[in-house]
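Worksheet: one structure, shown below.
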Amino acid sequence: MSKNLFISSYCHVKNNTISFNGNVLFSDDSQDFSGFVKSAAKHLNTSYPKLYKMDNLSKLASLAADAILSEQKAQSDTALVFSNRASSLDTDRKHQASISDTNNYYPSPSIFVYTLPNICLGEISIKHQLHSENCFFVFDKFNPEHLHGNTEYLLHHKKAETVLCGWVDFDDKNYEAFLYLVSENGNIAHTVDEISRRYRSKL
7 MSKNLFISSY CHVKNNTISF NGNVLFSDDS QDFSGFVKSA AKHLNTSYPK
57 LYKMDNLSKL ASLAADAILS EQKAQSDTAL VFSNRASSLD TDRKHQASIS
107 DTNNYYPSPS IFVYTLPNIC LGEISIKHQL HSENCFFVFD KFNPEHLHGN
157 TEYLLHHKKA ETVLCGWVDF DDKNYEAFLY LVSENGNIAH TVDEISRRYR
207 SKL
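This is the structure we're talking about:
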């Protein structure tokens with residue numbers, strides 16, 4: 007018989023604000039995204055120099071993941087199930103710009119390596135030493151049904167002990183992250199309705 011699953015914690019990152027379980031952890035409306043990341047990382051005591059070398063999507067995903075996994079003490083068999091709308095479009099534009107000018111042709115390897123959205127999963131896995139399943143889906147909009155189904159499968163089939171999942175989207179200056187951790191422990195039932203309710207409570 008399948009055990010009940012729960013959302014043990016969740017995080018939003020939007021409008022230069024990070025919240026954890028509905029409570030604001032950090033906010034700085036005076037900064038652009040780059041400045042916000044530096045200030046937020048300092049405030050959260052994120053000691054990880056590689057953060058500043060990542061693309062914007064990976065920075066966003068890492069901030070949200072850190073807020074949850076630092077509190078929950080990530081297990082090595084935590085799976086990752088992420089999604090967004092823009093894929094890696096923000097980085098793709100920068101890569102295209104580096105190869106469009108034939109008189110100044112210089113495709114940067116440091117940009118090209120981030121031209122897949124799932125690279126942010128690798129960055130999170132490296133930092134938190136995760137060795138479980140991971141996948142990244144692209145949808146027109148937030149899709150709680152799909153995230154719920156994949157998470158239930160991973161946990162009920164013993165593919166992972168916990169699953170960090172949600173939505174991480176970065177497109178030009180618009181960004182939004184909503185991540186939540188699912189396990190056999192917690193107070194919020196892991197249902198499509200509860201996932202949608204927590205997502206709609208975004209800042």
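Heads up, the sequence shown is in the numbering used here, so the first residue is 7 and it goes up one at a time.
Ideal Cβ positions, reconstructed from N, Cα and C, are used throughout, including at glycine.
Near residue i, which residues of its chain fall below 6 Å by C-beta distance, leaving aside the five closest residues on each side in sequence?
i	result
VAL198	PRO150, GLU151, HIS154
LEU75	HIS134
My guess is that residue i and residue j are in contact by the Cβ rule of under 8 Å, so how many angstroms apart are they, rounded?
i	j	result
CYS126	ALA67	4 Å
LEU50	LEU31	7 Å
ALA73	PHE26	5 Å
GLY28	SER207	7 Å
PHE148	TYR205	6 Å
Select from the options the residue whose C-alpha is nearest the C-alpha of residue i.
i	options	result
LYS210	ASP35, THR97, LEU86	Nothing about residue 210 can be read from this structure; the chain reaches only from 7 to 209.
LYS164	PHE145, SER189, CYS141	SER189
ASN124	GLY172, ASN109, ALA103	GLY172
HIS101	TYR120, ASN90, SER89	TYR120
LYS56	ASP146, SER207, GLY128	GLY128
ASP146	LYS44, ASN10, SER89, ARG99	SER89
Give me, in chain order, the residues of the same chain whose beta-carbon lies closer than 7 Å to that of residue i; leave out the 5 immediate sequence neighbours on both sides.
i	result
ALA92	ASP175, PHE176, ASP177
LEU122	SER94
ASN22	SER33, ASP34, ASP35, GLN37, PHE42
Between the beta-carbon of residue i and the beta-carbon of residue j, is there less than 7 Å?
i	j	result
LEU160	ALA85	yes
ALA46	ILE24	yes
VAL144	VAL87	no
PHE3	HIS162	The displayed coordinates of the chain run from 7 to 209. Any statement about residue 3 would go beyond what the structure contains.
ALA103	LEU185	no
SER14	ASN140	no
Taking 8 Å as the limit between beta carbons, can you name the residues of its chain near residue i, skipping five residues before and five after?
i	result
TYR181	VAL19, LYS20, PHE39, ASN62, LEU66, ASP175
SER82	GLN135, LEU136, HIS137, SER138
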